[in-house]
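Peer 1:
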Amino acid sequence: MYNQPMLRDDALQGKTIVITGGGTGLGKAMGLYFLKLGANLVITSRKLDVLQKTAAEMEQETGGKVLALACDVRDYQQVEQVLAETLKAFGKVDSLLNNAAGNFISPTERLSANAFSTIIDIVLKGSVNCTLAFGKHWISEKQPASVLNIVTTYAFTGSAYVVPSACAKGGVLAMTRSLAVEWGKYGIRTNAIAPGPFPTKGAWERLLPGELAEKFDFKNRVPLKRVGEHQELANLAAFLISDFAGYINGEVISIDGGEWLQGAGQFNGLEAIPDELWDSFEQMTRSAKGS
Ligand code: HXC
Ligand code: NAP
Numbered sequence: 193m194y195n196q197p198m199l200r201d202d203a204l205q206g207k208t209i210v211i212t213g214g215g216t217g218l219g220k221a222m223g224l225y226f227l228k229l230g231a232n233l234v235i236t237s238r239k240l241d242v243l244q245k246t247a248a249e250m251e252q253e254t255g256g257k258v259l260a261l262a263c264d265v266r267d268y269q270q271v272e273q274v275l276a277e278t279l280k281a282f283g284k285v286d287s288l289l290n291n292a293a294g295n296f297i298s299p300t301e302r303l304s305a306n307a308f309s310t311i312i313d314i315v316l317k318g319s320v321n322c323t324l325a326f327g328k329h330w331i332s333e334k335q336p337a338s339v340l341n342i343v344t345t346y347a348f349t350g351s352a353y354v355v356p357s358a359c360a361k362g363g364v365l366a367m368t369r370s371l372a373v374e375w376g377k378y379g380i381r382t383n384a385i386a387p388g389p390f391p392t393k394g395a396w397e398r399l400l401p402g403e404l405a406e407k408f409d410f411k412n413r414v415p416l417k418r419v420g421e422h423q424e425l426a427n428l429a430a431f432l433i434s435d436f437a438g439y440i441n442g443e444v445i446s447i448d449g450g451e452w453l454q455g456a457g458q459f460n461g462l463e464a465i466p467d468e469l470w471d472s473f474e475q476m477t478r479s480a481k482g483s
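Residue numbers (this note's numbering): 193 to 483.
As structure tokens, then:
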């Protein structure tokens with residue numbers, strides 16, 4: 193298993209990157225790696241105390257600069273404030289990583305209208321708010337930039353029991369591909385990553401509560417028979433944000449050990465057939481020749 197840093201040390205030198213939901217989980221892991229590669233970092237979410245603790249840890253580990261800003265991505269004015277504070281602190285901003293999300297499992301018919309829209313507002317409207325505010329700025333400044341959106345593989349397959357999240361992530365994926373074309377002329381690249389299972393406290397508490405964590409062990413669904421390492425995601429995110437990916441635009445890259453395809457191929461379930469049985473099946477399929 194490869195869990196070492198991938199890019200050369202100065203790969204993000206001088207870049208300023210804003211990560212929504214950057215105080216915890218995958219946002220924190222990606223941010224830490226961006227800092228190690230020389231970036232200035234802005235991390236935002238609703239809980240300033242969490243962000244400040246993460247920022248202090250990150251600065252201590254890397255010697256880099258981290259600005260922690262409270263911002264609910266559902267509120268456009270708060271997003272504009274993040275942009276203003278970022279420019280004040282670092283003079284410019286190069287990349288936006290739309291990572292903030294809300295999610296929980298539930299049969300859809302049990303959801304209130306407010307529960308459904310809460311997820312849509314955080315995931316879809318939040319990503320739209322940030323992309324719009326930062327995009328307007330980059331276009332008026334004539335500055336090349338990049339947006340990276342964290343979606344999921346069920347953004348393209350759909351998934352039962354997380355329907356608001358699937359709708360919202362599907363919307364973010366549509367925005368990714370649409371703006372890649374529309375804003376390409378401004379030098380703004382827009383890409384997405386679709387992670388499979390990467391254990392985090394935030395996701396596991398809401399998606400695998402209680403005994404579900406054992407009963408529905410994600411690694412059994414993955415052809416590679418393991419979950420993702422945070423550094424593996426950080427490597428991909430850093431590459432997509434870096435200038436090495438300068439010609440990648442409008443792409444969504446799955447990093448899931450083959451999980452979503454496992455559920456897609458009609459015969460994938462034949463994995464369960466023991467070796468001994470294949471001999472007799474072969475005889476039968478061979479004898480079917482000419483019939
Ligand atoms: C049913 C629920 C619910 C639940 C909340 N609600 N939790 N309904 N089942 N488990 C309802 C509430 O009753 C309310 O509706 C509405 O949703 C809003 O709830 P609030 O608690 O007021 O919302 P808020 O404080 O904004 O919190 C948002 C949240 C919370 C999404 C509910 O869980 C949160 O803050 N999450 C952030 C982090 C997160 O979710 N991380 C996981 C991302 S994982 P009513 O009608 O009562 O007002 C991910 C991975 C995908 O996306 C793929 C994995 C493989
Ligand atoms: P996480 O730690 O819970 O991260 C979600 C972050 O979003 C939190 O830091 C949270 O901080 C922030 N957030 C939530 N609502 C917000 C709001 N209204 N405004 C601003 N920030 C808000 O979970 P994670 O697993 O790292 O998830 C990170 C991303 O990866 C998400 O986009 C998720 O959908 C995606 N993903 C994860 C997995 C996985 O297996 N873990 C798989 C596929 C995709 P506050 O509570 O402080 O606001």
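Using N, Cα and C, we set each Cβ at its ideal position, and we do this for glycine too.
Taking all protein chains shown into account, do 16 or more other C-beta atoms lie within 10 angstroms of the C-beta of Asn306, making it buried, or fewer, making it exposed?
Peer 2: The residue in question, Asn306, is exposed, as its Cβ has fewer than 16 Cβ neighbours within 10 Å.
Peer 1: To the nearest angstrom, report how far apart Ala360 and Met250 are at their CA atoms.
Peer 2: If you take the alpha carbons of Ala360 and Met250, they lie about 30 Å apart.
Peer 1: Counting Cβ pairs closer than 8 Å, one from the segment 435 to 446 and one from the segment 371 to 379, do we hit at least three?
Peer 2: Because the criterion of three Cβ pairs below 8 Å is met, the segment 435 to 446 and the segment 371 to 379 touch.
Peer 1: Does Leu288 come out as helix, strand or coil in the three-state DSSP assignment?
Peer 2: The answer is strand: DSSP assigns Leu288 an E or B state.
Peer 1: Using the three-state DSSP reduction, which class does Asn259 fall into: helix, strand or coil?
Peer 2: In the sequence as presented, Asn is not what sits at residue 259; that position holds Leu. Leu259: strand per DSSP, three-state reduction.
Peer 1: In terms of alpha-carbon separation, which member of Phe436, Phe459, Leu432 and Gln458 lies closest to Ser446?
Peer 2: Comparing Cα positions, the closest option is Leu432.
Peer 1: Give the single residue among Ile314, Val343 and Gly455 whose Cα lies nearest to the Cα of Arg238.
Peer 2: Nearest of Ile314, Val343 and Gly455 to Arg238, Cα basis: Ile314.
Peer 1: Mind reading off the beta-carbon distance from Ile380 to Ala337? Whole number of angstroms is fine, and I expect it under 8 Å.
Peer 2: With 8 Å as the limit, Ile380 and Ala337 qualify as a contact, their Cβ atoms being about 5 Å apart.
Peer 1: Tell me, which residues are paired with Asn383 by DSSP?
Peer 2: Paired residue(s): Leu340.
Peer 1: Can you tell me which of Ser319, Gly327, Lys328 and Lys284 puts its alpha carbon nearest to the alpha carbon of Asn341?
Peer 2: Cα-wise, what sits closest to Asn341 is Ser319.
Peer 1: By the DSSP assignment, the alpha helix (DSSP H) with Phe278 in it spans what residues?
Peer 2: The question names Phe, yet the displayed sequence has Thr at residue 278. Start and end: Tyr268 to Phe282.
Peer 1: So the alpha helix (DSSP H) Ser181 belongs to, where does it begin and stop?
Peer 2: Nothing about residue 181 can be reported from this structure: the residues present for the chain run from 193 to 483 only.
Peer 1: Is it the case that the CB of Val444 approaches a heavy atom of the ligand NAP more closely than 8 Å?
Peer 2: Checking every heavy atom of the ligand NAP against the Cβ of Val444, none is found closer than 8 Å.
Peer 1: Please report whether the beta-carbon of Val315 lies at a distance below 9 Å from any beta-carbon of chain D.
Peer 2: The structure shown contains no chain D; it holds only a single protein chain.
Peer 1: The ligand MN heavy atoms versus the CB of Gly327: any closer than 8 Å?
Peer 2: As far as ligands go, the structure on display features the ligand HXC and the ligand NAP and does not contain the ligand MN.
Peer 1: Identify every run of the beta strand (DSSP E) within the segment 306 to 370, keeping only runs that are complete inside it and at least 3 residues long; order them along the chain.
Peer 2: Entirely contained in the segment 306 to 370, the beta strand (DSSP E) runs reaching 3 residues are, in chain order, 337 to 342.
Peer 1: Please tell me whether, using a cut-off of 8 Å, the distance from the CB of Phe296 to the nearest non-hydrogen atom of the ligand HXC is below it.
Peer 2: For the ligand HXC, at least one heavy atom lies less than 8 Å from the Cβ of Phe296.
Peer 1: Tell me whether Asn232 sits in a helix, a strand or coil according to DSSP, three-state version.
Peer 2: In the structure shown, Asn232 sits in a strand (DSSP, three-state: E or B).
Peer 1: Is the segment 391 to 399 touching the segment 465 to 480 in the sense that three or more CB pairs, one from each, lie closer than 8 Å?
Peer 2: No, because fewer than three Cβ pairs between the segment 465 to 480 and the segment 391 to 399 fall closer than 8 Å, the two stretches do not touch.
Peer 1: For my contact list, Ala203 and Leu233 are in at a C-beta cut-off of 8 Å; report their separation, rounded to the angstrom.
Peer 2: 14 Å between Cβ atoms; not a contact.
Peer 1: What I want to know is whether the C-beta of Leu218 ends up closer than 8 Å to one or more non-hydrogen atoms of the ligand NAP.
Peer 2: Because some heavy atom of the ligand NAP lies under 8 Å away, the Cβ of Leu218 counts as near it: yes.
Peer 1: Quick check on this structure: which residue in Leu316, Ser287, Phe282 and Val285 has the alpha carbon closest to the alpha carbon of Ala293?
Peer 2: It is Leu316 whose Cα lies nearest to the Cα of Ala293.
Peer 1: Does the beta-carbon distance from Thr382 to Thr323 come in below 9 Å?
Peer 2: Yes, these two residues count as a Cβ contact at 9 Å.
Peer 1: Excluding sequence positions up to five away, which residues of its chain have a Cβ less than 6 Å from the Cβ of Thr368?
Peer 2: Cβ neighbours of Thr368 beyond the five flanking positions: Asn341, Thr382 and Ala384.
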